[in-house]
Ligand SMILES: [Zn+2]
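Residue numbers (this note's numbering): 169 to 659.
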């Protein structure tokens, strides 16, 4: 019966077809989604993919190129494995904590308390004489409030907003220790971080403000859709997300300006090399930028981001110190290979289909969940069902994770191969991988299960093997005087 009641309560309001407010809501949500993705994305991205410190030169391995002992000591391998395993455990504990958070929230009455607090605060604000006076004094402000009122059909918009803020506050509070440990403390103890506590706090507060704003807009958009179109909310949301992903690609690079400073790469041999490579690959580069990553980390990275007017290559300043121009050229070749990926349309179709299935599942679970009184929400459009919605997404993402990682690893292997077609320089490729592993403390002999569940890139030796298999007979080999030359590994 509750299902029937709840569904009726949703379908009371919907108009026969989406009206202007609905499309405004979709636009609103789409903007929030891509802006959230852009601003909350870490300053790293695809990147040099696996980074390190530079002990190796371009002389190539003197022993068996497929033997780890050729590149690393036993102590290094064991130490990095320990570092990575610790990270895996922290990650797993974090996943468990997410489940505990949602289950406690949903089953102990805490969620109901949040909802009631939002309702009471909303009623008080609407009855507040001071706000009524402000509305009379500033009629434009009062007119602005009418927009969400029309979208939600009343003051429910304020309840949604206040509930969202309370939910976020609890979430941040609960996960602060884990976040502090994994993003600041542990890498600092391991000597991999340059973060000062002050800078970490500034970054944390920036992220907090942005995530609160954008997360609130997103929730506001989702529940606005539910209020306007009832059961079909998820279809319109899917359409919005599918369009928003394009805008996200354009805007993504700008979000990083919130955290970092960028400067153009100085003129010189390295810049000439990178520009020549980009031209050879057919990439119309606007600029090559250097980001001040050394304020936060000792790790290295490089990435290609944006599209059209926002397209640019970004190098970590740490990369310039530790790698030779020849190695950096090889890293860029890898990024260009991603840019030239032939299956972008198919990737987009898979992404869109996945989002469609996830939203359909979430809508279904949200409707069925109403039956369970302990979950304390009365209908799918009741914002108290938000934790059920997010818990569904969370579980689905975790289940899809190995599939996603498998697909990513396949793309990385392909990018490695294609990078060697752009710049057939296996010596530089291998010495780059060695440095990346060393600087990033990579697990260079990972357990296959760890690769399956956690790794977005192929293991070290697999990448070395790709370099050894490169056929340079028909490509331009950059016999650069810039590198520290020498003969590299050949099959
Ligand atoms: Zn890559």
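By construction, the Cβ of each residue, glycine as well, lies at the ideal position given by its N, Cα and C atoms.
Just tell me which of the options has its CA closest to the CA of residue i.
i, options, result
"residue 512", "417, 629, 543, 540", "417"
"residue 245", "640, 461, 602, 555", "602"
"residue 376", "396, 293, 339, 409", "339"
"residue 472", "575, 528, 420, 514", "420"
"residue 462", "609, 361, 594, 356", "361"
"residue 608", "235, 255, 232", "255"
"residue 552", "327, 234, 291, 489", "327"
"residue 531", "560, 506, 540", "560"
"residue 352", "258, 444, 555", "258"
"residue 577", "626, 288, 570, 378", "626"
"residue 485", "567, 496, 478, 415", "496"
"residue 616", "296, 573, 304", "573"
"residue 614", "253, 242, 232, 238", "253"
"residue 283", "477, 580, 550, 579", "550"
"residue 563", "268, 383, 319, 363", "268"
"residue 370", "438, 426, 384", "426"
"residue 342", "378, 291, 270", "270"
"residue 263", "612, 567, 639", "567"
"residue 414", "611, 515, 540", "515"
"residue 438", "611, 481, 480, 492", "492"
"residue 639", "232, 594, 428", "594"
"residue 478", "240, 309, 451, 314", "451"
"residue 286", "324, 313, 372, 315", "324"
"residue 409", "383, 524, 308, 372", "524"
"residue 510", "465, 354, 582", "582"
"residue 618", "241, 575, 570, 240", "570"
"residue 464", "600, 311, 372, 288", "372"
"residue 483", "428, 295, 354", "428"
Over the uninterrupted beta strand (DSSP E) stretch that includes residue i, give me the two end residues.
i, result
"residue 430", "430–432"
"residue 571", "Run containing residue 571: none in the beta strand (DSSP E); it sits in the alpha helix (DSSP H), 554–590."
"residue 457", "456–459"
Go to residue i, then tell me how far its alpha helix (DSSP H) extends in each direction, as first and last residue.
i, result
"residue 410", "401–423"
"residue 265", "242–275"
"residue 470", "No alpha helix (DSSP H) holds residue 470; the beta strand (DSSP E) holding it covers 470–473."
"residue 368", "365–397"
"residue 328", "324–348"
"residue 311", "307–320"
"residue 617", "616–622"
"residue 636", "628–636"
"residue 357", "354–357"
"residue 538", "It is not in any alpha helix (DSSP H) - residue 538 carries neither H nor E in the DSSP assignment."
"residue 283", "278–295"
"residue 236", "Unbroken run through residue 236: none, as it is neither H nor E."
Counting only the same chain and skipping the five closest in sequence on each side, list residues whose C-beta sits under 7 Å from that of residue i.
i, result
"residue 597", "498, 588, 635"
"residue 534", "548, 553, 556, 557"
"residue 449", "504, 508, 590"
"residue 368", "352"
"residue 275", "542"
"residue 501", "445, 587, 590, 591"
"residue 221", "Caution is warranted here: a pLDDT of 32 is assigned to residue 221, below 50, making its placement in the model unreliable, and no coordinate value can be reported."
"residue 273", "279, 555"
"residue 526", "561, 564"
"residue 528", "402"
"residue 289", "330"
Tell me which residues share the same chain as residue i and place their Cβ nearer than 8 Å to its Cβ, disregarding the 5 neighbours each side in the sequence.
i, result
"residue 234", "629, 632, 633, 636"
"residue 223", "With a pLDDT of 38 at residue 223, under the threshold of 50, the modelled position of this residue cannot be trusted, and the question is left open."
"residue 299", "293"
"residue 394", "178, 401, 548, 549"
"residue 584", "502, 505, 597, 626, 631, 634, 635"
"residue 358", "251, 609"
"residue 365", "352"
Spatial neighbours of residue i within its chain, please: CB distance less than 6 Å, with the 5 preceding and 5 following residues excluded, ordered by chain position.
i, result
"residue 453", "446"
"residue 380", "336"
"residue 249", "611"
"residue 199", "Only weak support exists for where residue 199 lies, its pLDDT of 48 falling under 50; the value from the coordinates is given anyway. If we look at residue 199 and ignore the five residues flanking it on each side, it has no Cβ neighbours."
"residue 441", "493, 497"
Using a Cβ distance threshold of 8 Å, determine whether the segment 427–436 contacts the segment 448–457, with at least three qualifying pairs required. Result yes; three or more Cβ-Cβ pairs closer than 8 Å.
Do the segment 619–637 and the segment 504–520 make contact, defined as three or more Cβ pairs closer than 8 Å? As far as the Cβ criterion goes, the segment 619–637 does not touch the segment 504–520, which means the pair count is below three.
Spell out a yes or no on whether the segment 465–483 and the segment 538–548 are touching, meaning 3 or more CB-CB pairs, one atom from each, closer than 8 Å. Note that the segment 465–483 does not touch the segment 538–548; fewer than 3 beta-carbon pairs, one per stretch, sit closer than 8 Å.
Are at least three pairs of beta-carbons, each pair with one atom in the segment 324–335 and one in the segment 275–294, less than 8 Å apart? With three or more CB-CB distances shorter than 8 Å, the segment 324–335 counts as touching the segment 275–294.
Could you tell me whether the segment 396–414 touches the segment 344–355, where touching means 3 or more Cβ pairs closer than 8 Å? Between the segment 396–414 and the segment 344–355, the count of C-beta pairs closer than 8 Å stays below three; the two stretches do not touch.
Restricting to runs no shorter than 4 residues, where is the alpha helix (DSSP H) found entirely within the segment 483–531? Taken in chain order, the complete alpha helix (DSSP H) segments of 4 or more residues contained in the segment 483–531 are 485–490, 493–507.
Whether or not the segment 312–330 and the segment 379–395 are in contact is what I'm after, with contact meaning three or more pairs of Cβ atoms, one per stretch, closer than 8 Å; do they touch? The segment 379–395 makes contact with the segment 312–330, as at least three CB pairs between them are under 8 Å.
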